[in-house]
Amino acid sequence: KYVFTDISYSIPHRERFIVVREPSGTLRKASWEERDRMIQVYFPKEGRKILTPIIFKEENLRFEPDSTEYIKVHHKTYEDIDKRGKYDLLRSTRYFGGMVWYFVNNKKIDGLLIDQIQRD
């Protein structure tokens, strides 16, 4: 695999352009894990050691869709997205419809509607 990274200093890491060329020839955006690795290579931070907190381990992220924990995590996520106005984070994902339903059901749809109207 070949990884192409924009190493300009003026670009914030979250906006940095990083792509991967697969052996098959496919060009794709780098995953977050690949991005973290490349950013650490080009912009190393002393003492930085990336450890995944246990809460984010695969076995701790799985809930049944009807479980109270699953619903609680989704509701907290939707509330935070609404509070910050970051609706684009879920816009093209399978979770966007559930978020819209949550806002409508809880009469909190105003922020999302304003965001939709103001989009280009």
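All the letters of the sequence shown, read from the start, carry residue numbers 10 to 129 under this note's numbering. No residue lacks a Cβ here, since even glycine has one placed at the ideal position from N, Cα and C.
Checklist line | Pair within 8 Å by beta-carbon distance, TYR96 and LEU121 | finding: yes
Notebook entry, point to check: Which one of PRO32, ARG25, LYS66, ARG37 has the shortest CA to CA distance from MET47?
Noted result: ARG25
Check: PHE105 lies in the alpha helix (DSSP H); which residues open and close that run?
Finding: 105-114
Check: With burial defined as no fewer than 16 other Cβ atoms inside 10 Å of the residue's Cβ, what is the status of TYR79: buried or exposed?
Finding: exposed
Notebook entry, point to check: Buried or exposed: PHE13, going by 16 or more other Cβ atoms within 10 Å of its Cβ?
Noted result: exposed
Next item on the list: Starting from the Cα of LYS85, find the closest Cα among PHE112, ILE27, THR102, GLU67 and give me that residue.
Entry: PHE112
Next item on the list: Please list the segments of the alpha helix (DSSP H) lying wholly inside the stretch 76-106, counting only runs of 4 or more residues, in order along the chain.
Entry: 77-93
Notebook entry, point to check: So what does VAL50 bridge to, in DSSP terms?
Noted result: VAL50 pairs with nothing; no bridge assigned.
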